[in-house]
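A.B. asks: Using full-length UniProt numbering, the final residue of the sequence shown is 314, and nothing's skipped along the way.
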Amino acid sequence: MLSYLARRLLTIVPVLLGITVIAYFLTRTIPGDAVAILLGTQNDPVVAAQLRHNLHLDQPVILGYFDWLSQVLRGHLGQSIRSGADIGPDLVQRFARSAQLSLAAIMLAVLVGIPAGIAAAVRRNRWPDQLISVAALLGISTPDFWLGTILVLVFSLQLQWLPPAGYVPPSSGLLPFLKVLLLPALTLGLQIASIITRFTRAAMLDVLTQDYVRTARAKGQTQHRIFYGHALKNAAIPILTVIGLNFGFLLGGTVIVETIFSWPGVGNLVLTAINQRDYPVVQACVMLFAITFTLINLAIDLLYGLVDPRVRYS
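The following block contains the structure:
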């Protein structure tokens, strides 16, 4: 496994280098001028030229890329054009908040999606299967922004059970933190739960037709033992794959939900940076998304061997 891990880590390097190229050059194609946005109505040509020089925006794009890459390799993500502050500390803090939201959402999705998928597969073509399948299709087709708005209207404005938006750190108390976490986690988690339900149902139905399941039934094993001891274990790899992919997307794609609920995470940060043409912040966020998604995929690949002993790393 160690040799496999070393090879996978080596393959990550060119992927991340490619991401740096894409991130840097795409941010330079964003319409608008960062200097003009910073200066506003006081657009003095002399001041603008000096500011453009200070921000390294007057040099060729290729030289700017290598200058930025050398800073990244030294562990310095640069400074925000807007605030002048170092990007690293704020990015780490915001990533921790996005991770809290993503973990809550994926835990909710797993706790709902896997049992629902198993129940649908066990009762195939009966009313529980039909009900769960319809609910899963509705969950997949419901946009995040619409679901989040409805949850706020019902649980915050009408019932007044939960706060509509904002963030409370866990250090301020577990209950206040869970109250502000619940609605955005539900908004993200319900759609992913629907996806996991569909994949779990399909994987279980495929496994339940295998010869070893029929053999287990012929030996008189209980349904519980067959479903959870044999079928679910062998159906775990595709389920684990879809969980890992969606978790990676969550950590890098919570922009809409963080905006709706005023959650101060990375998604909120990157949206603000794009609107303000804050190129270094956008590039740092894209790099963080790429690294996170790549490492999660690597972790999922390594988990395959623990879930299914037949998997060999060579």
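Beta carbons: idealized from backbone N, C-alpha and C, even for Gly.
1) In the DSSP assignment, what residue or residues form a beta bridge with residue 86?
2) Run the CB neighbour count on residue 67, radius 10 Å, all protein chains shown included, and call it buried at 16 or more, exposed below.
3) From 118, 138, 251, 284, pick the residue whose C-alpha is nearest to that of residue 185; which is it?
4) Report the option in 303, 268, 306, 298 whose CA atom is closest to the CA atom of residue 93.
5) Leaving out five residues before and five after residue 290 in sequence, what residues of the same chain have Cβ atoms less than 7 Å from its Cβ?
6) Identify the continuous alpha helix (DSSP H) that holds residue 130 and give its terminal residues.
7) What three-state label does DSSP hand residue 189 in the structure shown?
8) Is the Cβ-Cβ distance between residue 144 and residue 197 less than 8 Å?
9) Is the beta carbon of residue 322 less than 8 Å from the beta carbon of residue 118?
10) Alpha carbons only, please: which of 31, 99, 3 is nearest the one belonging to residue 296?
11) May I ask you to report which of helix, strand or coil DSSP gives residue 171?
12) Does DSSP put residue 113 in a helix, in a strand, or in coil?
13) Residue 273 to residue 174, Cα distance in whole Å?
14) If distances are taken between C-alpha atoms only, which option among 167, 131, 5, 7 comes closest to residue 96?
15) Enumerate in chain order the residues of its own chain whose CB-to-CB distance from residue 161 is below 6 Å, with the five nearest sequence positions on each side excluded.
C.D. replies: Answer, in terms of the structure:
1) Here the question's residue 86 lines up with position 86 in the sequence shown. Beta-bridge pairing links residue 86 to 79.
2) Working through the sequence shown from its first residue, we reach residue 67 at position 67. Counting Cβ neighbours within 10 Å, residue 67 comes out exposed, since fewer than 16 surround it.
3) Stepping through the sequence shown from its first residue, residue 185 is reached at position 185. The closest CA to that of residue 185, considering only 118, 138, 251, 284, is found on 251.
4) Here the question's residue 93 lines up with position 93 in the sequence shown. Residue 93 has its Cα closest to that of 268, out of 303, 268, 306, 298.
5) Here residue 290 corresponds to residue number 290 of the sequence shown, with the count starting at 1. Cβ contact annotation for residue 290 (same chain, cutoff 7 Å, sequence separation greater than five): 16, 19, in chain order.
6) Counting from 1 along the sequence shown, the entry for residue 130 is found at position 130. Note, residue 130: alpha helix (DSSP H), 127-141.
7) The residue you call residue 189 lines up with position 189 of the sequence shown. Assigned with DSSP and collapsed to three states, residue 189 falls in helix.
8) In the sequence shown, counting from the first residue as 1, residue 144 sits at position 144. In the sequence shown, counting from the first residue as 1, residue 197 sits at position 197. The beta carbons of residue 144 and residue 197 sit no closer together than 8 Å.
9) There is simply no residue 322 to check, as the chain begins at 1 and stops at 314 in what is shown.
10) The count along the sequence shown starts at 1 and reaches residue 296 at position 296. Distance check between residue 296 and each of 31, 99, 3 places 99 closest, using alpha-carbon atoms only.
11) The residue given as residue 171 occupies position 171 in the sequence shown. DSSP places residue 171 in helix when its eight states are reduced to three.
12) Within the sequence shown, residue 113 is the residue found at index 113, counting from 1. Three-state result, residue 113: helix.
13) Taking the first residue of the sequence shown as position 1, residue 273 is located at position 273. Taking the first residue of the sequence shown as position 1, residue 174 is located at position 174. Straight-line Cα distance between these residues: approximately 31 Å.
14) On the sequence shown, residue 96 is found 96 positions in, with the first residue counted as 1. Considering only alpha carbons, the answer is 167.
15) Counted from its first residue, the sequence shown places residue 161 at position 161. So the qualifying residues of the chain are 155.
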